[in-house]
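Please read the structure below before turning to the comments.
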């Protein structure tokens, strides 16, 4: 019998599955349409399509964007909050930043908790953890009674400086459970995030409370569906830091699992890039609804101490540093009031989907543009499981072309150029603006739509190579299959390095490491499958943001602390281009962090067969439109399943497979490596440079 490790990833348009058989090394990949609003049907459909039996599943990992979508679409629980008297408006005040400084018509997104549901309790703790005013328990009981009358489903507790002393918050939670019932949803900032920065900590616990009922229902339904199917093992859920936690843990900290699917895509991209010989990669995962980009340096994804799921809704959990924009196969093209062509961020999603899906949408999307330009095969889209209609795509494109006064090919090409420009800007953000030269990286293209756009984006940024995995449409699920179990712990330090007693800092790390050991014990992780990572959050004293610095050992000596300062200053200069003078700015350690990791066995990806030629995979030719030629050109079409290691293909060419289509534009060439990756040299010839220039000139 097969011994399968299974990973599923639910996106807004498709549900992906990857299964690895530990006995034979077989890798099974499946892509099925998502099934909103519950989405769980898509998981069961994928299992059925893959022909997997419950008894074959050894471990099941799951990633989803349901947490992120619940916040963006405001579909979370009716949430209340208890806070310190006088600090009712922390959430509404937020930070003094705006997504667009010069847009006077911009309206901010509403906070997750309405002001009328933020109630106050008299208590006060100072920044050193001293009790200035004891908790008034009558205020808490009065708040609980009001919450009950208002039908509040979940409550967050966030007191000032509670990260230094949590007793008031913990007692408040106890009282709320007494008044609202033991089954009530209550979480405290001291338990979720014992960290300085009042707004960010309050925002994180508010998001956690907002999501708790939604995620508990979702996970309960998912687990029950798998139990009914016949699987009775543990269900693991990926989180934003590039690891997994058990379903039990995910119920308590649902804000942690936001962005779990995209994080898996970064891990998958790093794996593929490493096998192709590139330790420095930019991962580009473009699906049906959005495109996610992240940077991997020296084989390690970059971690950020926080990320924002929406304007002024930061979540302060360590997360893979990625940028997500509204550019996917279902992204809708439209004309703004000034008569300019735009693409996104609106998406047709899975239902109704692009116009060619024939589900009622009449507006053109990126998928429709590719189909009209001959880049997609309507007879084998999604392996032939989904019928698409070129005539409907043509009608949608022509309608938009009439509105713009352009030809249909120019309009379809324009849609793609605008989408590429948006994604190029996002790539610039996570590379150049973070102190990295994109020319030192390879671009790993994942997602169902990524391989159609990757070369053009790479050309704009002078990225020399594009790597397309064997199954790019399920890169996120492949990454989820690889991720380790990971719990992140922290303790506040808030001291300048020159004031720190090394022994006290070592004691803080020792306490965190003991807590990490207890978590791994509870998860039954064997000793030989454990790893402990330590790091600190550091900043220049007086600044608000900080950087996370990985450490090889606990800085328990004065010399180790000096090395830490040097490491911070080098990192700061790499990102911002300068250092502050040592006599002006001292370095402060904000938090000590420890990650408890349960290691997962690596997936041994199958190697490609050898001995064939490109002609063996040739399916025929099709007229395909390229900006470089400005017209439809007879283009060879290849079957990727028949391409063997060592084969080289000169562009223009189209390579088709069940989960995506790979575009090799004129002036570029593609070769197949030993792991069946397609490695595209973006501009291997003078013609490639001329093609890139011609495309840029036409776009201008």
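Residue numbers (the numbering used here): 91 to 790. Backbone N, C-alpha and C fix where the C-beta goes; we use that ideal spot for every residue, glycine too. The model shown is predicted, which means the values in this text are computed figures rather than measured ones.
Going by C-alpha positions, residue 127 is about 25 angstroms away from residue 536.
The beta carbons of residue 236 and residue 209 sit about 6 angstroms from each other, so the pair counts as a contact at 8 angstroms. Between the alpha carbons of residue 664 and residue 526 lies a gap of roughly 8 angstroms. Rounded to the nearest whole angstrom, the CA to CA distance from residue 302 to residue 573 is 24 angstroms. The beta strand (DSSP E) runs of length 3 or more contained entirely in the segment 429-483 are, from start to end of the chain, 431-437. Per the DSSP secondary-structure output, residue 397 pairs in a beta bridge with 405. When DSSP states are grouped into helix, strand and coil, residue 113 belongs to the coil group.
Restricted to the segment 565-643, the beta strand (DSSP E) segments that are unbroken, complete and at least 3 residues in length are 575-586, 620-630, 637-641, listed in chain order.
Taking 7 angstroms as the cut-off, the beta carbon of residue 230 is found no closer than this to the beta carbon of residue 282. Judged by DSSP in its simplified three-state form, residue 713 adopts strand. Just so you know, the alpha carbons of residue 487 and residue 501 end up roughly 7 angstroms apart.
Distance from residue 670 to residue 636 at the Cβ level is roughly 14 angstroms; contact not present, criterion being Cβ atoms closer than 8 angstroms. Residue 696 is classed as exposed because its beta carbon has fewer than 16 other beta carbons within 10 Å across all chains shown. Membership of residue 726 in any alpha helix (DSSP H) is not indicated; the residue belongs instead to the beta strand (DSSP E) covering 721-729. Here residue 192 is exposed, its C-beta having fewer than 16 other C-beta atoms within 10 Å.
The straight-line gap separating the alpha-carbon atoms of residue 595 and residue 247 is approximately 28 angstroms. Exclusion of the five residues before and after residue 736 leaves 700, 762 as the residues of its chain whose Cβ lies within less than 7 angstroms of its Cβ. Excluding five sequence positions before and after residue 394, the CB atoms of its chain that fall closer than 6 angstroms to its own CB belong to 409, 411, given in chain order.
Using a Cβ distance threshold of 7 angstroms, residue 101 and residue 377 count as a contacting pair. By the CB criterion at 7 angstroms, residue 509 and residue 438 fall outside the cutoff.
C-alpha of residue 441 to C-alpha of residue 586: approximately 54 angstroms in a straight line. In this chain, the alpha helix (DSSP H) harbouring residue 355 covers 350-365. The shortest C-alpha to C-alpha distance from residue 123 to any of 158, 139, 739 is the one to 139. Taking 7 angstroms as the cut-off, the Cβ atoms of residue 289 and residue 180 count as close.
In this structure, residue 385 places its C-beta atom within 7 angstroms of the C-beta atom of residue 520.
Residue 142 sits away from residue 311, with the two beta carbons spaced by 7 angstroms or more.
Per the C-alpha coordinates, the member of 649, 741, 351, 159 positioned closest to residue 591 is 649. Contact check for residue 566 against residue 347 fails: the beta carbons are separated by 7 angstroms or more. In this structure the segment 443-463 does not touch the segment 388-404; the number of beta carbon pairs closer than 8 angstroms is below three. One Cα belongs to residue 98, the other to residue 106, and the distance between them is close to 6 angstroms. Of 549, 323, 563, the smallest CA-CA separation from residue 538 is found for 563. Contact between residue 357 and residue 363 is absent: CB atoms are separated by about 11 angstroms, not below the 8 angstroms threshold.
In this structure residue 258 is in contact with residue 213, their Cβ atoms being roughly 5 angstroms apart against a cut-off of 8 angstroms.
Straight-line spacing of the CA atoms in residue 619 and residue 350 works out to 23 angstroms.
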